[in-house]
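Protein chains in written order, with our numbering: chain A, 704 to 1013; chain B, 704 to 1013.
Here it is, written out as structure tokens:
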């Protein structure tokens, strides 16, 4: 069997970006993606796509494929020998207008060194402004299904990884209800072929649009008012805190002279901070805070429901 | 002469907090500080003071004095031998309601180890939403005067330090028009006594209120509209980026289990992000961006004015 070539990976990821954008435009019904092409002085570049729509207030669906001599700063952080590299991926964050619709993030990526070393990484995680256990169950069941179809060990491992990764240590809160996160996925770790691993990664990418659009359809017409918008602002503030303080990808990008506008596309259009804000006891907002912790088995909604009583 | 005792420093800094709060309340004319007392499990604590007023939309004036066994994480970052420590200081950020009034930050602090090692640190810097060269000159002249009264080398050194410190590398922008910044100030570096150094630090603290109130008075009644508010939101977004990505104090606090609500009091009530925002050529907003760079000699307004033509 012919080995999977990097050109095929790049092409498939660019096609994934285009497919997701088409589906999101259709779901939004009004917004259209604007595309900015950019080039990296050291080699390669990307296509940044942004939407401001009727339901998606601010969304970015980025594709990039950068290559060249790896800057020393990067090889140091990644603990790699210096040399040539290729990094390609699709990265998405959508901030919906309605506080009843969740924020979502997705990323799939491939990394390769001139020396032949390579791996895949990626993940999807959901950040509802208001946690709805049935939605969380649906979301995790979708992820579990795509994981299980490729390897029975993927979902449990990558679900835990997401819980640990999307965590605001200074708030003792998870960013949202988690999802899956994985990195340095290669043939060494599972005995799966490169093509089989890429199938999985693409399947994760292809799960994104239908899963999110389902949640959008469910909630896009729900009523909300000033109270929910205020809360959305505060939750978006937490999203900013996670991305700027803890997210390794953002830090890495800003530190290594990445394209700032693409990296910070993940930030919400507007965010709020209020000193020592405490939601009213027993309120929907307090219930959501109660759900923002690790190790909830969202695929079992009975358990998830019980967890709100702690 | 009796050596300056740490109790005297703590007392003077707490009095400075109270004095500044009184003056800010008088200048605001409406807002009153609320005080939260908090304790640190390992020893010491603080008084967090916050105001939401007529002119100051969100302001924090914090005092803290924490002590105990220094956590290993802290001794590592500070490159110190483990042991007992004391850290005390006053820390201020004010976000005014009007985009025509600048954001300001001030900090004065004292650090001491059980081993006898000690130093002072601090700084003031100004972040106008719209840079007005005459204001910048006034602000820097005030700082230069207080510095020059204590040591002729202070202003040039600490002004440059502020330019380098309050810098958003990923935007190639300074946070505002700078000010002064200093750290690890002790008798070794200047041959000044501890008491003389503390006189300087207190003088910096005492310069804060009259200097800021002068700028507030100058601009608080100026007209502004939706356009200026949008721009203020974007500039506040940059303030968030600096504090969460680059500010060593914030990072250190969040990393070492500091009191999150006190540390993040520096964040604005509301902030905005817009993908690839570019102000119109020749606009006031574009002119402000032109001023956000290092090494402008703001005490010489002729030079500052010329710099806008680059």
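Cβ coordinates follow ideal geometry from the N, Cα and C atoms, glycine included. Note that the structure is predicted; figures quoted are calculated from it, not measured.
Residue 946 of chain A in three-state terms, based on DSSP: Looking up residue 946 of chain A in the first chain gives position 243. Correct three-state label for residue 946 of chain A: helix.
Nearest to residue 881 of chain B (by Cα), restricted to the options B/888, B/862, B/929, B/887: As a working note, residue 881 of chain B is residue 178 in the second chain. The shortest Cα separation from residue 881 of chain B among B/888, B/862, B/929, B/887 belongs to B/862.
With 9 angstroms as the limit, tell me which residues of the stretch 740–770 of chain A have their beta carbon closer than that to any beta carbon of chain B; keep them in chain order. Here the close residues are 751, 753, 755, 761, 763.
Check whether the Cβ of residue 876 of chain A lies closer than 8 angstroms to any Cβ atom in chain B. Translated into the one-based positions of the first chain, residue 876 of chain A becomes position 173. No, no contact with chain B.
Hey, would you say residue 803 of chain A sits closer than 8 angstroms to residue 922 of chain A, going by beta carbons? Here residue 803 of chain A is taken as the residue at index 100 of the first chain, counted from 1. Here residue 922 of chain A is taken as the residue at index 219 of the first chain, counted from 1. Against a cut-off of 8 angstroms, the Cβ pair of residue 922 of chain A and residue 803 of chain A comes out as a contact.
So, for residue 890 of chain A: in the same chain, excluding its five sequence neighbours on each side, which residues have a beta-carbon less than 8 angstroms away from its beta-carbon? Taking the first chain and counting its residues from 1, one reaches residue 890 of chain A at position 187. Within the same chain, residue 890 of chain A has close Cβ partners 896, 897, 900.
How about residue 870 of chain B: is its C-beta nearer than 8 angstroms to some C-beta of chain A? By one-based count along the second chain, residue 870 of chain B stands at place 167. False, the Cβ-Cβ gap to chain A never drops below 8 angstroms.
Just the C-alpha distance for residue 831 of chain A and residue 730 of chain A, rounded to the nearest angstrom, thanks. For the purposes of this step, residue 831 of chain A is taken as residue 128 along the first chain, with counting starting at 1. For the purposes of this step, residue 730 of chain A is taken as residue 27 along the first chain, with counting starting at 1. The straight-line gap separating the alpha-carbon atoms of residue 831 of chain A and residue 730 of chain A is approximately 18 angstroms.
Please list the partners that residue 809 of chain B has in chain A, where partner means a Cβ-to-Cβ separation under 7 angstroms. Your numbering for residue 809 of chain B matches position 106 in the second chain. Chain-ordered listing is empty here: chain A has no CB closer than 7 angstroms to the CB of residue 809 of chain B, the nearest sitting near 18 angstroms.
C-beta neighbour in chain B for residue 952 of chain A, strict 8 angstroms: Locating residue 952 of chain A in the first chain gives position 249, counting from the first residue. Taking Cβ atoms only, chain B never reaches closer than 8 angstroms to residue 952 of chain A, which makes this a no.
Residues, ordered as in the chain, of the stretch 872–904 of chain B that lie near chain A by beta-carbon distance below 7 angstroms: Correct list: 873, 874.
Specify the secondary structure class of residue 999 of chain B as computed by DSSP and reduced to three states. Against the second chain, residue 999 of chain B aligns to sequence position 296. It is coil, neither helix nor strand.
Note down the Cα distance separating residue 704 of chain A from residue 948 of chain B, rounded to an integer number of angstroms. Indexing the first chain from 1 puts residue 704 of chain A at position 1. Indexing the second chain from 1 puts residue 948 of chain B at position 245. Confidence at residue 704 of chain A is low in this model, with a pLDDT of 49, below 50, so its placement is unreliable and the value that follows should be read with caution. Residue 704 of chain A and residue 948 of chain B have their C-alpha atoms some 46 angstroms from each other.
Integer Cβ distance of residue 963 of chain A from residue 970 of chain A, believed to fall under 8 angstroms: By 1-based counting over the first chain, the position of residue 963 of chain A is 260. By 1-based counting over the first chain, the position of residue 970 of chain A is 267. Approximately 11 angstroms separates the beta-carbon atoms of residue 963 of chain A and residue 970 of chain A; this is outside 8 angstroms, ruling out the contact.
Among the residues of its own chain, which have a CB less than 7 angstroms from the CB of residue 785 of chain B, if the five just before and after it don't count? Taking the second chain and counting its residues from 1, one reaches residue 785 of chain B at position 82. Non-local C-beta neighbours of residue 785 of chain B in its own chain, meaning closer than 7 angstroms and more than five positions away in sequence, comprise 773, 775, 778, ordered along the chain.
Is there a Cβ from chain B that is less than 8 angstroms from the Cβ of residue 827 of chain A? Within the first chain, numbered from 1, the residue matching residue 827 of chain A stands at position 124. Interface flag for residue 827 of chain A against chain B is unset, since no Cβ pair is found closer than 8 angstroms.
C-alpha distance - residue 808 of chain A paired with residue 766 of chain B, whole-angstrom precision: On the first chain, position 105 is the one that residue 808 of chain A refers to. On the second chain, position 63 is the one that residue 766 of chain B refers to. In a straight line, the C-alpha of residue 808 of chain A is about 39 angstroms away from that of residue 766 of chain B.
Give the single residue among B/990, B/914, B/938 whose Cα lies nearest to the Cα of residue 841 of chain B. Here the question's residue 841 of chain B lines up with position 138 in the second chain. It is B/914.
Please compile the residues from chain A whose C-beta is within a distance smaller than 8 angstroms of the C-beta of residue 852 of chain B. By 1-based counting over the second chain, the position of residue 852 of chain B is 149. Correct list: empty, because the minimum Cβ distance to chain A is about 35 angstroms.
Cβ shell of residue 866 of chain B (< 7 angstroms), same chain only, five flanking positions each side left out: As a first step, residue 866 of chain B is located in the second chain; it is residue number 163 there, counting from the start. Apart from the 5 residues on each side of it in sequence, residue 866 of chain B sits with its Cβ closer than 7 angstroms to the Cβ of 877, 881, 997, 998 in its chain, given in chain order.
Please state whether DSSP places residue 818 of chain A in a helix, a strand or coil. Stepping through the first chain from its first residue, residue 818 of chain A is reached at position 115. DSSP places residue 818 of chain A outside both helix and strand once states are collapsed to three, so it counts as coil.
Integer Cβ distance of residue 887 of chain B from residue 822 of chain B, believed to fall under 8 angstroms: Position 184 of the second chain, counting from 1, holds the residue named residue 887 of chain B. Position 119 of the second chain, counting from 1, holds the residue named residue 822 of chain B. A Cβ-Cβ distance of about 4 angstroms is found for the pair residue 887 of chain B and residue 822 of chain B, placing them in contact under the 8 angstroms criterion.
Could you give the distance in angstroms between the alpha-carbon of residue 870 of chain B and the alpha-carbon of residue 854 of chain B? Taking the second chain and counting its residues from 1, one reaches residue 870 of chain B at position 167. Taking the second chain and counting its residues from 1, one reaches residue 854 of chain B at position 151. Approximately 26 angstroms between the Cα atoms of the pair.
By DSSP, does residue 776 of chain B sit in helix, in strand, or in coil? Your numbering for residue 776 of chain B matches position 73 in the second chain. Residue 776 of chain B falls in the helix class under three-state DSSP.
Within chain B, the residues that residue 975 of chain A reaches when beta carbons sit closer than 7 angstroms: Translated into the one-based positions of the first chain, residue 975 of chain A becomes position 272. Near residue 975 of chain A (Cβ distances below 7 angstroms), the residues of chain B are 972, 973.
For the stretch 976–991 of chain A, which residues have a beta carbon sitting closer than 8 angstroms to at least one beta carbon of chain B? So the list reads 976, 977, 978, 979, given in the order they occur along the chain.
Return the chain-ordered ranges of every beta strand (DSSP E) run that is complete within the stretch 873–938 of chain B and spans a minimum of 3 residues. Correct list: 881–888.
Per DSSP, which one or two residues make a beta bridge with residue 809 of chain A? Stepping through the first chain from its first residue, residue 809 of chain A is reached at position 106. By DSSP's assignment, residue 809 of chain A forms a beta bridge with A/795, A/827.
Answer yes or no: does any C-beta atom of chain B fall closer than 8 angstroms to that of residue 773 of chain A? The residue labelled residue 773 of chain A in the question sits at position 70 within the first chain. Judged by the 8 angstroms Cβ criterion, residue 773 of chain A is not in contact with chain B.
In terms of residues, what are the limits of the alpha helix (DSSP H) holding residue 955 of chain B? Locating residue 955 of chain B in the second chain gives position 252, where the first residue counts as 1. For residue 955 of chain B, the enclosing alpha helix (DSSP H) stretches over residues 951–958.
Under 8 angstroms between the Cβ atoms of residue 847 of chain B and residue 833 of chain B? Working through the second chain from its first residue, we reach residue 847 of chain B at position 144. Working through the second chain from its first residue, we reach residue 833 of chain B at position 130. Cβ distance not < 8 angstroms, so residue 847 of chain B and residue 833 of chain B don't count as in contact.
CA nearest to the CA of residue 941 of chain B, picked from B/979, B/965, B/911: Within the second chain, residue 941 of chain B is the residue found at index 238, counting from 1. Considering only alpha carbons, the answer is B/979.
For residue 944 of chain B and chain A, any beta-carbon pair shorter than 8 angstroms? In the second chain, residue 944 of chain B corresponds to position 241, counting from 1. It does: the Cβ of residue 944 of chain B has a partner Cβ on chain A nearer than 8 angstroms.
Can you find a C-beta in chain A that's less than 8 angstroms from the C-beta of residue 1012 of chain B? The residue given as residue 1012 of chain B occupies position 309 in the second chain. In this prediction, residue 1012 of chain B scores a pLDDT of 42, lower than 50, which makes its location untrustworthy; no coordinate-derived value is stated.
Is the beta carbon of residue 731 of chain B within less than 7 angstroms of some heavy atom of the ligand GTP? In the structure shown, the ligand GTP is absent, as is every other ligand, since no ligand is present at all.
At a CB-CB cut-off below 7 angstroms, which residues of chain A make contact with residue 964 of chain B? Here the question's residue 964 of chain B lines up with position 261 in the second chain. Proximity of chain A to residue 964 of chain B at the Cβ level (cut-off 7 angstroms) is accounted for by 978, 979, in chain order.
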